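> Order-wise, the sequence lines are chains A, B and C.
Numbering-wise (the working numbering), the first sequence opens with residue 1 and increments by one.
Numbering-wise (the working numbering), the second sequence opens with residue 1 and increments by one.
Numbering-wise (the working numbering), the third sequence opens with residue 1 and increments by one.
Dropping a structure here in structure tokens format, bear with me for questions.
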Amino acid sequence: MVVVTINPITRLEGHGKISIFLDEKGDVKRAFLQVPELRGFEKIAVGRHAEDMPQITSRICGVCPWAHHMAATKALDDLYKVKPPSAAVKIRELAYNIFMLEDHSLHFFVLAGPDFVVGPKAPRAERNIIGVMKKLGAETVKKIVLIRKKLREADAILGGKTIHPVSGLPGGVSKSLTEDDRKELVKVADAGLELADTAYKLLKDLMKNEEYVKLMTSDIYVHETYYMGLVDDKNRVNFYDGKIRVVDPKGREHAKFDVHDYLKYIAEHVEPWTYTRMSYLRTVGWKGLIDGEGSGVLAVGPLGRLNAADGMATPRAQAAYEEMYSALGGKPTHYTLAYHIARVVEMIQAAECVKELVEDPEITSPEVRNLPTLTPDVGIGVVEAPRGTLIHHYEADEKGLIKKANLIVATQNNVARMCLSIEKAAKMLIKGGVVDDGLLNMVEMAFRAYDPCFACATHSVVGRIPLKIEMYDHEGRLIKVITNVD
Amino acid sequence: MSKPDFEPKIIVFACNWCSYAAMDLAGTSRTQYPHNVRIVRVMCSSRVTPEMVLTALAEGADAVLITGCHPGDCHYLVGNYKTLARYTLLKKVLDEVGLGDRVRLEWFSAGEGERFAQYVRSFVEEVKKGALSPKSSTPEEGGLR
Amino acid sequence: MNPQTKVKIAFYWNASCGGCEEAIVDLGEDLFKVLEVVDIVFWPVALDFKLEDVEKLPDGGIDVAIINGGIRFSEHEKVVKLLRRKSKIVVAYGSCAHLGGIPGLANLWSKATIMDYVYLRAPSVVNESNVLPKEVVQTDVGELELPAFLDVLKPLNRVIDVDYYVPGCPPTPNVTLKAIETLLSGKLPQKGAVLGADVRAVCDTCPLNETKPEKLAIKEFRRPHAFIPDPKKCLLAQGLLCLGPVTRGGCEASCVKANMPCTGCFGPLDNVIDFGARALSFIASIIDQKDEEGIRKALGPVVDLVGQVYKFSLPSGLLKDLIKRKEV
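Written out as structure tokens, the structure is:
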């Protein structure tokens with residue numbers, strides 16, 4: 001057994017920590033993913049005005065504030081049983097698709113892209129946005145950065161602010177769209193299509209890289225779990241609304257339900273070694289951190305959505321969807337790294353939806369609010385956050401004060417599968433106590449595919465997810481710490 | 001809850017024209033009232049801001065009593081309406097954070113020396129039975145910290 | 001430029017939503033210009049420097065440490081104290097570090113109540129053995145540690161000495177740039193100053209300012225979902241609880257431009273020690289009612305007054321140590 005430097009520091013510093021325990025042979029017995037993330041938003045909500053929730057809950061996440069803002073706004077629609085006018089729904093969908101496109105593009109180009117563009121075996125110093133710049137050329141990267149900036153500015157026009165928008169209200173949105181705004185947004189929509197196209201071309205090049213495909217389809221990154229996502233009435237992927245659909249590891253529909261029934265299908269498990277709760281399918285049961293048809297572990301996010309649906313809602317996205325499954329050998333696909341492909345397919349749909357919505361004449365209608373008239377009671381809203389299904393559930397009193405709140409946050413739905421991914425990678429890569437730094441990158445790649453959002457402590461600008469891996473021998477002694485940041 | 005020899009500190013804001021005169025009257029009439037009160041004279045009760053009240057509590061006062069002229073009698077005509085509005089809002093916030101019993105508002109006219117003394121006596125008793133200031137008592141005495 | 005003369009900067013985040021990190025990234029091209037004149041010696045989210053490298057620096061070896069997020073876990077305390085020793089200047093960036101932020105509203109509840117609900121009572125939780133996260137856990141293979149969730153959330157200046165503040169949730173790109181320019185200019189303002197933002201209140205730069213009447217007289221406040229305001233008239237005058245008059249400006253009234261009232265994220269103006277108390281005073285001064293019943297009626301719909309006036313600043317005001325944290 002190789003004993004390397006003993007590092008006594010065990011701080012987490014706000015990001016994920018992985019602890020790996022070896023047996024006497026030096027093989028991995030267990031690996032744990034620990035997340036020190038808790039601020040108590042479900043309690044913060046109690047006693048607040050219901051209409052404050054879109055702005056309060058958006059502070060759960062500054063990278064995906066629109067997801068919480070929208071889930072909360074829809075929960076308020078339900079709380080007051082008030083339907084927004086058609087123009088308001090379109091404005092919400094427009095803002096939301098712009099956000100999806102922008103958020104996915106940040107992950108694809110900055111976090112995951114370096115692996116594709118520069119190569120997973122390239123040295124760490126080059127596997128970041130700077131390496132991407134060298135490969136793609138500064139012009140292309142500048143364009144990507146500029147388009148992303150335009151998308152974010154567009155969201156500020158629609159929501160007041162890009163980070164922590166303010167426009168969501170029960171029964172509508174606070175601000176309508178002027179014709180001048182709309183004309184600006186047409187340009188943004190075209191830029192968005194260009195962005196999605198750029199990502200798609202990059203992806204296609206990647207799929208020609210045999211080494212990467214071999215890695216993607218290797219057994220290290222396979223888990224046969226259930227998959228979940230929102231679908232419209234034709235079972236096509238929808239980010240804003242629809243029914244929640246779950247398929248089993250063989251792709252058969254396991255459940256399809258309205259979010260009001262979510263408690264019958266989704267439950268959460270607690271472990272003492274992490275602050276995140278872990279979702280699982282109540283109908284299958286918690287069988288521990290294992291995959292397979294008998295275990296309630298599920299996956300959400302791009303891979304979850306595409307596996308759970310029968311297709312995409314827009315034509316170019318649908319073509320990309322078909323290409324993806326054809327390349328990966330059918331549906332459902334269990335390759336964790338296929339998240340990256342699914343993410344690009346979704347970028348295409350988001351861009352096409354944006355284009356369609358900005359050309360819709362109704363989007364400049366001044367009728368963007370219906371006032372609530374009924375007494376608030378219970379409201380449940382669901383959206384697909386970039387990282388997965390997101391549910392806000394509120395109970396309020398007759399004055400519109402929140403009495404109780406329950407939040408199923410997207411990444412919580414993926415945490416169990418992430419634990420599986422990490423443990424499998426560790427078990428397959430560490431034998432006889434021998435380990436190299438390649439392990440770190442291989443584990444990072446599994447982790448990175450989920451685009452995890454531990455309230456963003458783990459997001460990285462330059463291409464690295466802050467991770468610390470600690471290895472303990474069979475007597476519990478810390479024998480190695482590998483970290484990419486500290 | 002409080003030790004038998006706990007002596008609360010109560011800050012009293014008194015307006016120059018009515019309530020301070022009442023307190024003066026109590027004094028010159030030799031009407032006994034507890035030494036727990038520290039009287040701060042202001043020109044009008046509306047000078048008293050929520051910040052002043054909260055500062056008093058944060059600095060160790062166990063309770064605060066704001067006093068002024070009866071509605072309609074304010075020397076500056078409408079000052080005490082402002083006081084009433086400020087107090088109502090502050091009290092609402094204090095109620096929401098569990099401190100509602102620590103701050104009071106009461107009107108006294110210049111001739112109500114005896115009434116002031118009685119009020120203070122009963123207020124001190126209630127404070128003794130109830131709240132403790134985090135700065136004036138140690139955790140062993142059951143303080144908030 | 002001589003690397004010896006480059007300004008050494010460290011970035012760090014505590015309990016943060018990540019919005020402040022995104023705000024820095026949103027500087028876009030301007031960020032690259034800044035990067036030309038600074039040397040980043042520590043930025044866990046982005047760069048490969050270890051905490052040990054920071055420990056090895058001489059005290060004061062970092063020129064400026066820019067820290068966002070509130071102090072929620074024991075680890076946050078340890079790291080910010082280290083950064084304080086090693087830095088000449090410490091800047092609290094964003095509402096959470098400045099005032100506590102929205103997560104500070106958790107201070108209305110005891111830690112036990114929060115843990116109890118999140119892990120035992122939330123409707124989706126199945127937890128028959130009443131398992132709670134623990135700082136030290138014995139598993140069948142070994143021991144695991146978690147940092148402690150502290151009793152209350154604190155803004156940065158309650159744990160270390162803070163030199164300057166950059167306000168906002170998050171600070172806007174303009175405010176951030178101005179703050180960085182001030183820090184790099186060598187002409188530093190008085191310690192404790194708020195950087196990058198306006199000296200005057202939000203009203204001053206609000207597009208609806210001209211429609212604000214000289215004497216505001218509110219008979220009854222209204223909540224944003226209950227009516228549709230005229231987007232061309234002062235929102236406060238229409239009865240919305242807009243905190244623009246008591247909030248520091250610099251955001252260009254972005255919320256008001258979306259027809260929603262200001263909620264106070266930039267915090268108080270100079271020389272105001274408690275944002276909520278000042279807001280209460282201001283609200284009281286515009287209520288047009290003469291008796292307690294009338295005042296209560298004016299406030300009527302505003303049931304959650306604490307949540308309105310202390311939304312971003314509960315852990316930093318005068319009340320911070322006095323609150324009786326609820327148990328249910």
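All residues carry an ideal CB built from backbone N, CA and C; glycine is no exception.
Just so we're clear, the structure is a prediction, and the values are computed from it rather than from any experiment.
What do you get for Asp291 of chain C, buried or exposed, if any count of 16 or more other CB atoms within 10 angstroms of its CB means buried?
Taking the third sequence and counting its residues from 1, the one referred to as residue 291 of chain C is at position 291. It counts as exposed.
> Whose Cβ in chain A lies nearer than 9 Å to the Cβ of Ile67 of chain C?
Sequence index remark: in the third sequence, residue 67 of chain C carries index 67 (1-based). Chain A residues near Ile67 of chain C: none, gap ~12 Å exceeds 9 Å.
> Report the neighbours of Lys92 of chain B on chain C: residues whose CB is nearer than 8 Å to its CB, in chain order.
Here residue 92 of chain B is taken as the residue at index 92 of the second sequence, counted from 1. Neighbours of Lys92 of chain B on chain C, chain order: Leu299, Leu305.
> Once DSSP output is grouped into helix, strand and coil, what is the label at Lys311 of chain C?
Indexing the third sequence from 1 puts residue 311 of chain C at position 311. Reduced to three states, the DSSP call for Lys311 of chain C is coil.
> Check whether the segment 383-390 of chain A and the segment 408-417 of chain A touch, using three or more Cβ-Cβ pairs below 8 Å as the test.
Verdict: yes, contact present.
> Do you know offhand how far Phe221 of chain C's Cα is from Cys251 of chain C's?
Looking up residue 221 of chain C in the third sequence gives position 221. Looking up residue 251 of chain C in the third sequence gives position 251. Rounded to the nearest angstrom, the two C-alpha atoms are 24 Å apart.
> Give a yes or no on whether the minimum CB-CB distance between Glu22 of chain C and chain A is below 8 Å.
Within the third sequence, the letter at position 22 stands for residue 22 of chain C. For Glu22 of chain C, at least one C-beta of chain A is nearer than 8 Å to its own C-beta.
> Can you give me the C-alpha to C-alpha distance between Ser19 of chain B and Glu135 of chain C, rounded to a whole angstrom?
Mapped onto the second sequence, residue 19 of chain B falls at position 19. Mapped onto the third sequence, residue 135 of chain C falls at position 135. Whole-angstrom Cα-Cα distance: 56 Å.
> Please classify Lys33 of chain C as buried or exposed, where buried requires at least 16 neighbouring CB atoms within 10 angstroms.
In the third sequence, residue 33 of chain C corresponds to position 33, counting from 1. It counts as exposed.
> I'd like to know whether the C-beta of Val97 of chain B is nearer than 8 Å to at least one C-beta of chain C.
Indexing the second sequence from 1 puts residue 97 of chain B at position 97. Taking Cβ atoms only, chain C reaches closer than 8 Å to Val97 of chain B, which makes this a yes.
> Give a yes or no on whether 8 Å exceeds the smallest Cβ distance from Leu77 of chain B to chain C.
Counted from its first residue, the second sequence places residue 77 of chain B at position 77. Taking 8 Å as the CB threshold, Leu77 of chain B stays off the interface with chain C.
> Starting from Thr73 of chain A and walking both ways along the beta strand (DSSP E), at which residues does that stretch end?
Residue 73 of chain A sits at position 73 when you count from the first residue of the first sequence. Per DSSP, Thr73 of chain A is not a residue of any beta strand (DSSP E); the alpha helix (DSSP H) it occupies stretches across 65-80.
> Just tell me which of C:Lys320, C:Lys324, C:Asn130 has its CA closest to the CA of Pro155 of chain C.
Here residue 155 of chain C is taken as the residue at index 155 of the third sequence, counted from 1. Put simply, of C:Lys320, C:Lys324, C:Asn130 the residue whose alpha carbon is nearest the alpha carbon of Pro155 of chain C is C:Lys320.
> Applying the 10 Å Cβ sphere with the 16-neighbour rule, what's the burial state of Gly19 of chain C?
Locating residue 19 of chain C in the third sequence gives position 19, counting from the first residue. When all chains shown are included, Gly19 of chain C counts as buried.
> How many angstroms separate the CA atom of Met1 of chain C from the CA atom of Asp116 of chain C?
Sequence index remark: in the third sequence, residue 1 of chain C carries index 1 (1-based). Sequence index remark: in the third sequence, residue 116 of chain C carries index 116 (1-based). Only weak support exists for where Met1 of chain C lies, its pLDDT of 46 falling under 50; the coordinates are left without a value.
> Report the rounded CA-to-CA distance for His104 of chain A versus Phe11 of chain C, giving the unit in angstroms.
By 1-based counting over the first sequence, the position of residue 104 of chain A is 104. By 1-based counting over the third sequence, the position of residue 11 of chain C is 11. For His104 of chain A and Phe11 of chain C, the distance between alpha carbons rounds to 25 Å.
> I'd like the span of the alpha helix (DSSP H) that includes Arg223 of chain C, first residue to last.
Position 223 of the third sequence, counted from the first residue, corresponds to residue 223 of chain C. Careful: Arg223 of chain C lies outside any alpha helix (DSSP H) and carries neither H nor E.
> Looking at the unbroken alpha helix (DSSP H) that takes in Ser254 of chain C, where does it start and where does it end?
As a position in the third sequence, residue 254 of chain C is number 254, starting the count at 1. Here the alpha helix (DSSP H) through Ser254 of chain C covers 254-257.
> Hey, how far is the Cα of Ala201 of chain C from the Cα of Tyr394 of chain A?
The residue given as residue 201 of chain C occupies position 201 in the third sequence. The residue given as residue 394 of chain A occupies position 394 in the first sequence. Cα-Cα distance, rounded: 34 Å.
> In chain order, what residues of the segment 73-99 of chain C put their CB closer than 7 Å to some CB of chain B?
none
> Determine the extent of the beta strand (DSSP E) in which Cys15 of chain B is found, giving its start and end residues.
For the purposes of this step, residue 15 of chain B is taken as the residue at position 15 of the second sequence. Taken as a continuous stretch (DSSP letters only), the beta strand (DSSP E) holding Cys15 of chain B covers 10-15.
> Going by the CB atoms, is the gap between Asp62 of chain B and Lys9 of chain B shorter than 8 Å?
Taking the first residue of the second sequence as 1, we reach residue 9 of chain B at position 9. Taking the first residue of the second sequence as 1, we reach residue 62 of chain B at position 62. When the beta-carbon positions are compared, Lys9 of chain B and Asp62 of chain B come within less than 8 Å of each other.
> Check the C-beta distance from Ala317 of chain A over to Ile348 of chain A and give it rounded, since I have them as a contact under 8 Å.
The residue you call residue 317 of chain A lines up with position 317 of the first sequence. The residue you call residue 348 of chain A lines up with position 348 of the first sequence. The Cβ separation is near 4 Å, so the contact holds.
> Under 8 Å by Cβ, that's how I've got His254 of chain A and Pro165 of chain A pegged, so tell me the actual separation to the nearest angstrom.
Position 254 of the first sequence holds residue 254 of chain A. Position 165 of the first sequence holds residue 165 of chain A. Between Pro165 of chain A and His254 of chain A the Cβ distance is about 34 Å, and since that is not below 8 Å, they are no contact.
> Could you pull out every residue in the same chain whose Cβ sits closer than 8 Å to the Cβ of Ile380 of chain A, ignoring the five residues on either side in sequence?
The residue you call residue 380 of chain A lines up with position 380 of the first sequence. If we look at Ile380 of chain A and ignore the five residues flanking it on each side, its Cβ neighbours are Ala75, Asp78, Val259, His260, Tyr262, Ile391, His392, His393, Tyr394.
> Got a sec: is the Cβ-Cβ distance from Arg278 of chain C to anything in chain B below 8 Å?
Here residue 278 of chain C refers to the residue found at position 278 of the third sequence. Output row for Arg278 of chain C: interface = yes.
> Would you please verify whether the beta carbon of Glu292 of chain C is less than 8 Å from any beta carbon of chain B?
If you number the third sequence from 1, residue 292 of chain C lands on position 292. Yes, its Cβ sits closer than 8 Å to a Cβ of chain B.
> Starting from Trp109 of chain C, follow its DSSP beta bridges and name the residues at the other end.
Indexing the third sequence from 1 puts residue 109 of chain C at position 109. C:Lys326, per the DSSP bridge assignment.
> Check the Cβ of Leu263 of chain A against every Cβ in chain C and list those closer than 9 Å, keeping chain order.
Translated into positions along the first sequence, residue 263 of chain A becomes position 263. Here the neighbours are Pro123, Ser124.
> Compare the C-alpha of Asp219 of chain A against each of A:Cys419, A:Ser279, A:Ala88, A:Thr336 and name the closest.
Here residue 219 of chain A is taken as the residue at index 219 of the first sequence, counted from 1. Of the listed residues, the one whose Cα sits closest to Asp219 of chain A is A:Thr336.
> Using only CA atoms, which one of B:Pro34, B:Trp17, B:Lys92 lies nearest to Val309 of chain C?
Residue 309 of chain C sits at position 309 when you count from the first residue of the third sequence. It is B:Lys92.
> Check the C-beta distance from Ala23 of chain C over to Ile163 of chain A and give it rounded, since I have them as a contact under 8 Å.
Locating residue 23 of chain C in the third sequence gives position 23, where the first residue counts as 1. Locating residue 163 of chain A in the first sequence gives position 163, where the first residue counts as 1. With 8 Å as the limit, Ala23 of chain C and Ile163 of chain A qualify as a contact, their Cβ atoms being about 6 Å apart.
> Kindly indicate if chain A contains any beta-carbon less than 8 Å away from that of Glu143 of chain C.
For this step, residue 143 of chain C is matched to residue 143 along the third sequence. Closer than 8 Å to some Cβ of chain A, the Cβ of Glu143 of chain C qualifies, so yes.
> Quick check on Asp59 of chain C - is its C-beta less than 8 Å from some C-beta in chain A?
Along the third sequence, read from residue 1 onward, the residue named residue 59 of chain C stands at position 59. No, no contact with chain A.
> Note down, one range per segment and in chain order, each alpha helix (DSSP H) of at least 4 residues found wholly within the segment 163-233 of chain A.
Runs of alpha helix (DSSP H) with 4 or more residues, each lying fully within the segment 163-233 of chain A, are found at 179-208, 210-216, listed in chain order.
> Have a look at the DSSP bridge pairing and note the partners of Arg248 of chain C.
Stepping through the third sequence from its first residue, residue 248 of chain C is reached at position 248. DSSP, once it has assigned bridges, lists C:Ala201 as partnering Arg248 of chain C.
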